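For the sequence shown, full-length UniProt numbering begins at 1 and goes up steadily by one. A virtual CB, placed ideally from N, CA and C, is assigned to each residue, including glycine. The structure displayed is predicted, hence computed values, not measured ones. A quick write-up on the structure given underneath.
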Amino acid sequence: MFRSQASDVIPERQELAGQILDEAYEEVEEELIETLNKQNVTMSYVWYAFLCEILLPDAYQPYLIELQKTNKDKKDAVSFCEAYKDMIDCTEVKYKCNVVVFTTDSDGGGVGHKLLVKKRLCCWCQLALGDYFKENKEAAGYSEDASELLGKSPELSEPLAYIMVNLTCWTTHFCSFDHLHDLEDPLQHATFLKHRDIIAAQVGAEKNNQRKEEMEDSVNKQCDLIMDNTFWNGLRSVVEDIEPICYAVNICQGNKVHPDQVLLVLGGLFLHFSCHTKPAVRDGMKKRLEKRWKSYDQEFFLFAMVLNPFEQLDQFGEAAKIGIWTLLEYFKKELKKWMDEVDCEELEQLQREGTEESGELDVDENSDMDVDESTSSTVQPVNRKWLLIALDDLFRGTPKQLLNDFIAPHTHH
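Okay, structure coming up:
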């Protein structure tokens, strides 16, 4: 009854596409503008859509901003980058928000675009895995064989469709390969005992002799691959190598990631490949990871690590030559860079807002350097008073007190 009479009671597309949808769209847009106003957000470009996510502690909610048909758009590197810039500018103007991070699916486009965005934080892990397959040609071959084997077996690949939409591209590869490796024994057992039955099931009732022969050859090739222990040993090596990179991809693209966590991830990858059994892969990956680190704002990441009270200087060995005086120089450099970029009028406004909330802050007048009180109000997540004290101690040359002041108020991230 519903199937036969549904068209009489359900509005057609032409009816919904008019005033009803327009009014609903305006209502949602007004709510979205109010929600995103003056918020720090991330944007993600996924296939034909780009999403905007709120960066609030307890409100990580994705919002669809716009759908774009890109079939006829240019796919070269410059066009990609220009399109992303337009997306960011339009979103900031329309919703009056601040886009602090922009991410793309996979590597974000073609090879040329990859070269343009390789210095961006959200892309370096994706590139590191691409680097791995360049350095380890055998792993690339095993990966292709495993992907082909999964494609020939719907029972193995279909369950992955449920999780694929929630994971990065490389993570689905890792999950697929890891799952396939767990099935090594049952697959070899079935292939050994029921080789002919497998061929018959794949060929089916195909009558065309040429097509039938091609299908038989394909099945025999897959069966030979399953019985090849060299393939399984190589696949195990691939799984062990791409697992830490896939973890790194998801960690560094997370909304809650902090610079100290990114540095730990990079260090973990470097240690992993430093112990690789193949010298060519070991040396090649270490070189590529060092290249990624070279493009970072290194002082910023190092100082973020020290400010983590659960890490401090524990993760640095003697060869790192990281000490209190070195960190002081790093901090001076970062502070100067930050002060050069901050707008003076904005500083004054923030300072007025800060003093209204917490009152005037006292700074020692005998300090070797005059510390502007306005600097205190620009660091919103932390206490203004201990920041001023720490800055004052910094230029007095009392590093122990400086680190104590900076570390004490922090909590574990």
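| request: Classify Y25 as buried or exposed, calling it buried when 16 or more other Cβ atoms lie within 10 Å of its own Cβ. | output: exposed
| said: Only counting the same chain, and skipping five residues up and downstream in sequence, which positions put a Cβ closer than 7 Å to that of F231? | reply: Y142, D145, L225
| message | Suppose you measure from the CA of E29 to the CA of L36; what does that come to, to the nearest Å? | response | 10 Å
| field | alpha helix (DSSP H) segment containing G18, residue limits | value | G18 -> no alpha helix (DSSP H), and no H or E assigned at all.
| request: Thinking L183 and L149 are a contact (beta carbons under 8 Å), I'd like their distance in whole angstroms, please. | output: That belief does not hold up - the Cβ atoms of L183 and L149 are roughly 10 Å apart, past 8 Å.
| request: Count the CB pairs spanning the region 261 to 271 and the region 283 to 293 that are closer than 8 Å, and state whether there are at least three. | output: yes
| task | Quick one: measure Cβ to Cβ for V238 and F177, integer angstroms, because I've assumed they're closer than 8 Å. | result | 6 Å
| message | For a quick check, are the C-beta atoms of residue 499 and Q39 less than 8 Å apart? | response | As shown, the chain starts at 1 and ends at 413. That puts residue 499 outside it, with no answer to give.
| Roughly how many angstroms separate the alpha carbons of Y247 and M285, rounded to a whole number? | 17 Å
| field | N-terminal and C-terminal residue of the alpha helix (DSSP H) that S218 is part of | value | 209 to 227
| Beta-carbon contacts of V203 that lie in its chain and below 7 Å, excluding the five residues immediately before and after | K212, M215, E216
| Distance, Y132 Cα to V306 Cα | 30 Å
| task | In angstroms with no decimal places, state the Cα-to-Cα distance between C252 and F192. | result | 44 Å
| message | A200 and P259 - do their beta-carbons sit closer together than 8 Å? | response | no
| request: Please go through the same chain and pick out, in chain order, the residues whose beta-carbon is closer than 6 Å to the beta-carbon of residue 417, but skip the five residues on each side of it. | output: Here the chain has residues from 1 to 413 only, and residue 417 is not among them.
| At which residues does the alpha helix (DSSP H) containing K278 begin and terminate? | Per DSSP, K278 belongs to no alpha helix (DSSP H) and is neither H nor E.
| request: Measure the alpha-carbon distance for M369 versus T171 and round it to whole angstroms. | output: At M369, the pLDDT of 35 sits below 50, so the modelled position is not reliable; the number obtained from the coordinates is stated separately. Approximately 51 Å between the Cα atoms of the pair.
| Less than 8 Å separating the beta-carbons of E82 and F174? | no
| query | Is it true that the CB of V262 sits closer than 8 Å to the CB of F301? | reply | yes
| query | Excluding the five sequence neighbours on either side, which residues of its own chain have a C-beta within less than 7 Å of the C-beta of E138, listed in chain order? | reply | G234
| query | In chain order, what residues of the same chain have a beta carbon less than 7 Å from the beta carbon of A140, not counting five sequence neighbours either side? | reply | F133
| Which one of K221, T277, S295 has the shortest CA to CA distance from L266? | S295
| Thinking C-alpha only, which one of V93, E240, L264, W293 is nearest C275? | E240
| Check whether A41 and E135 have beta carbons under 8 Å apart | Strictly speaking, residue 41 in this sequence is Val, with Ala absent from that position. The answer is no: Cβ separation not under 8 Å.
| said: Starting from V203, trace the alpha helix (DSSP H) in both directions and tell me its first and last residue. | reply: 195 to 203
| said: With distance defined between alpha-carbon atoms, name the residue in C223, N209, K207, P186 nearest to R196. | reply: C223
| task | Report whether the distance from the Cβ of F270 to the nearest heavy atom of the ligand SAH is below 7 Å. | result | In terms of ligand content, the structure shown is empty, and the ligand SAH therefore cannot be addressed.
| query | Taking just the CA atoms, how far does I20 sit from V9? | reply | 16 Å
| query | If you drop the 5 nearest sequence neighbours on each side, which residues of the same chain put their C-beta closer than 7 Å to that of V93? | reply | none
| said: In whole angstroms, give me the CA-to-CA distance for K221 and G18. | reply: 56 Å
| query | Who are the near neighbours of D185 in its chain, counting only those whose CB is closer than 8 Å to its CB and skipping five residues on each side? | reply | none
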